[in-house]
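**Student:** Dropping the structure in here first, questions after.
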Amino acid sequence: MLATPLLSRRIGIKKLEKKWHFPYIYDITETFVKKEKSFVYNRKIYLDRLYQWKDKPLIKIITGIRRSGKSTLIKLFTDSLLSSGIDSERILYINKESLQFQHIATFDDLYKEVIATYNKVNQF
């Protein structure tokens, strides 16, 4: 499920999708784009830990207090994956704080959303 054209014009989703080359899903309340221009610390220790678990068939959970850098860590990890040659169509970001995704309450809901998105880019 990619952004609608109206939403794209309002917050620059198409620009972001073009830069990152993967489906990026969020709504108007998302501030991820605005943070892109700010200074970001390279969290090498945390990135290394994510890489250790990258190919393991486990769900990875990143926890922390509000505004502690969880989304930034995901952005850094995504950029790192892209620069290491991972195909951009194999990366999906869903912002669960977005009202667009409040219907995702169970694993089945999440699974349906992922399948719907990746069927559009022929991953399955």
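All residue numbers for the sequence shown refer to my numbering, where the first residue is 17 and numbers rise by one. All C-beta atoms in this analysis are idealised placements derived from N, C-alpha and C, irrespective of residue type, glycine included. Because the structure is a prediction, the values reported are computed rather than measured.
1. State yes or no: is the C-beta of ILE107 within less than 8 Å of the C-beta of LEU97?
2. Please say whether TRP69 and LYS76 have beta carbons closer to each other than 8 Å?
3. Does ASP64 come within less than 8 Å of chain D when only Cβ atoms are used?
4. According to the neighbour-count rule (16 or more other Cβ atoms, all chains shown, within 10 Å of its Cβ), is LEU74 buried or exposed?
5. Check this for me: beta carbons of ILE102 and GLU129, under 8 Å apart or not?
6. Give every residue of the same chain whose Cβ lies closer than 6 Å to the Cβ of GLU219, excluding the five residues on either side of it in the sequence, and list them in chain order.
7. Within this structure, are the beta carbons of LEU63 and ILE78 separated by less than 8 Å?
8. Quick check: the Cα distance between SER99 and ARG83, rounded to an integer number of angstroms?
**Tutor:** Well, looking at it:
1. Along the sequence shown, read from residue 1 onward, the residue named residue 107 stands at position 91. Along the sequence shown, read from residue 1 onward, the residue named residue 97 stands at position 81. Result yes, Cβ atoms of ILE107 and LEU97 sit closer than 8 Å.
2. Translated into positions along the sequence shown, residue 76 becomes position 60. Translated into positions along the sequence shown, residue 69 becomes position 53. Contact flag set, yes.
3. Of the protein chains in the structure, only one exists, and it is not chain D.
4. Taking the sequence shown and counting its residues from 1, the one referred to as residue 74 is at position 58. With fewer than 16 Cβ atoms within 10 Å of its Cβ, LEU74 is classed as exposed.
5. On the sequence shown, residue 102 is found 86 positions in, with the first residue counted as 1. On the sequence shown, residue 129 is found 113 positions in, with the first residue counted as 1. No, they are not a contact pair.
6. Look at the range of the chain in this structure, 17 to 140, and you will see that residue 219 is not part of it.
7. Position 47 of the sequence shown, counted from the start, is the residue given in the question as residue 63. Position 62 of the sequence shown, counted from the start, is the residue given in the question as residue 78. Not closer than 8 Å, so no.
8. What you label residue 99 is simply residue 83 of the sequence shown in a count that begins at 1. What you label residue 83 is simply residue 67 of the sequence shown in a count that begins at 1. If you take the alpha carbons of SER99 and ARG83, they lie about 26 Å apart.
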